[in-house]
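Residue numbers (UniProt numbering): 1 to 97.
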């Protein structure tokens, strides 16, 4: 514990390195980028909150009977897998074509 404390105090007491004449100066471009990111974040949060207010409190249906069979996994298999068979038994080559 004392070794860690000594190391931290030593690091904090060191003089800063690489302190040339340009050290610590920021450009207006950096401020512009930061402000643009903050404005974009604010706009996204504001838009998300507007969309979330439009959602209902709950997605529970009052009368779930018509789709209860599909929810329980007992739906008719033909209705779920009714895709047309375009290739009519012909195999496709890999890579398209």
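The beta carbon of each residue, even a glycine, is placed where N, CA and C say it ideally should be.
### Task
Give the straight-line distance between the Cα atoms of residue 16 and residue 24, rounded to the nearest whole angstrom.
11 Å
### Message
Quick check: what's the CA-CA separation for residue 47 versus residue 65?
### Response
35 Å
### Separation of residue 26 from residue 20, as counted between CA atoms
14 Å
### Task
Following the continuous alpha helix (DSSP H) through residue 42, name the residue where it begins and the one where it ends.
28-54
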